[in-house]
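Enquirer: Residue numbers (UniProt numbering): 1 to 225.
All residues carry an ideal CB built from backbone N, CA and C; glycine is no exception.
Have a look at this one before I ask anything.
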Amino acid sequence: MGGGLSTGWIEWDGERIEFENAPSYSEKNWGGGFPRKWFWVQCNVLEGEGASGEIALTAAGGLRQIPGITETFENAALIGVHYGGKFYEFVPWNGFVNWEVTPWGYRFMSADNGSYLVELEAKTDDPGTPLRAPTSEAGLSQACKDTCFGILTLKIWERRYDGSKGKIILDVSSDMAALEVGGGPWFSTWKGKTTMPPVIGPALGLPVDLDGIFNAVPLFKPPGL
């Protein structure tokens, strides 16, 4: 849920805070655990000249394990933007996603889905709050760090036929972005790119009977499915 509204209350340290129609975000991890390491950005309070209506951004990347007998890992990343009644999706099977993420405090991402280009930059001076996350080695432990005080800029352009930037569609910023890094170890800046062979991408859009496949070979069924 990228641009929801929530009504209710939170009680913290003896104080009850009530809210009504507050901008909200929620997600579910569909796997049996978190990636080996990951980063995440979310923001639905964005403003900019000429921008109107609801805007919601979710971007993330991780080093995830591929189901199988051996321990094989791959980079995965995505950028999703809801704006103007449209969903701008940037994922490996429709283009490529690049990122540069420090252990804490800075990240830059760019992507191309064949029709649009996107760039986002996020940074923070906030020290962050350590949080518990599931790990394969130590169970639930303090393996990630979050802040809701990220400074974010987000831009989307139409893509010209030669891959260059065309008409700008969205140019917004925020000082209320949620940022997270987790897993590791994180010793230096993580630079990565995720893409997919042309023959694989279209195949992912075909209807597949996952239950039938994994019932036949349960050893390869990812946890959580």
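Enumerate in chain order the residues of its own chain whose CB-to-CB distance from L46 is below 6 Å, with the five nearest sequence positions on each side excluded.
Expert: For the purposes of this step, residue 46 is identified with residue 46 of the sequence shown, where counting begins at 1. So the qualifying residues of the chain are I55, V172 and S174.
Enquirer: Under three-state DSSP, which class holds P23?
Expert: By 1-based counting over the sequence shown, the position of residue 23 is 23. Of the three classes helix, strand and coil, the one that applies to P23 here is strand, per DSSP.
Enquirer: Who pairs with L46 in a beta bridge, going by DSSP?
Expert: Position 46 of the sequence shown, counting from 1, holds the residue named residue 46. L46 is not bridged to any residue.
Enquirer: Counting along the chain, where does the beta strand (DSSP E) carrying R132 start and finish?
Expert: Indexing the sequence shown from 1 puts residue 132 at position 132. That run of the beta strand (DSSP E) goes T129 to T135.
Enquirer: Locate the beta strand (DSSP E) running through E100, then write down its first and last residues.
Expert: If you number the sequence shown from 1, residue 100 lands on position 100. Per DSSP, E100 belongs to the beta strand (DSSP E) from F96 to V101.
Enquirer: Just mark W190 as buried or exposed, buried being the case when its beta carbon has 16 or more other beta carbons within 10 Å.
Expert: Locating residue 190 in the sequence shown gives position 190, counting from the first residue. With 16 or more other Cβ atoms within 10 Å, it is buried.
Enquirer: Count the other CB atoms, across all protein chains shown, that sit within 10 Å of the CB of residue 226; report buried if there are 16 or more and exposed otherwise.
Expert: In the structure as shown, the chain starts at 1 and stops at 225, and residue 226 therefore has no counterpart that could be examined.
Enquirer: If distances are taken between C-alpha atoms only, which option among F19, A76, L57 and P35 comes closest to M176?
Expert: As a first step, residue 176 must be located in the sequence shown, where it is residue number 176. The candidate whose alpha carbon is nearest that of M176 is L57.
Enquirer: I need the DSSP call for W186, collapsed to helix, strand or coil.
Expert: To locate residue 186, count along the sequence shown from 1; it is residue 186. In the structure shown, W186 sits in coil (DSSP, three-state: anything other than H, G, I, E or B).
Enquirer: To the nearest angstrom, how far is it from the Cα of E27 to the Cα of K165?
Expert: Here the question's residue 27 lines up with position 27 in the sequence shown. Here the question's residue 165 lines up with position 165 in the sequence shown. Those two C-alpha atoms are separated by around 31 Å.
Enquirer: Buried or exposed: where does T7 fall if 16 or more other Cβ atoms within 10 Å of its Cβ makes it buried?
Expert: Translated into positions along the sequence shown, residue 7 becomes position 7. Result: exposed.
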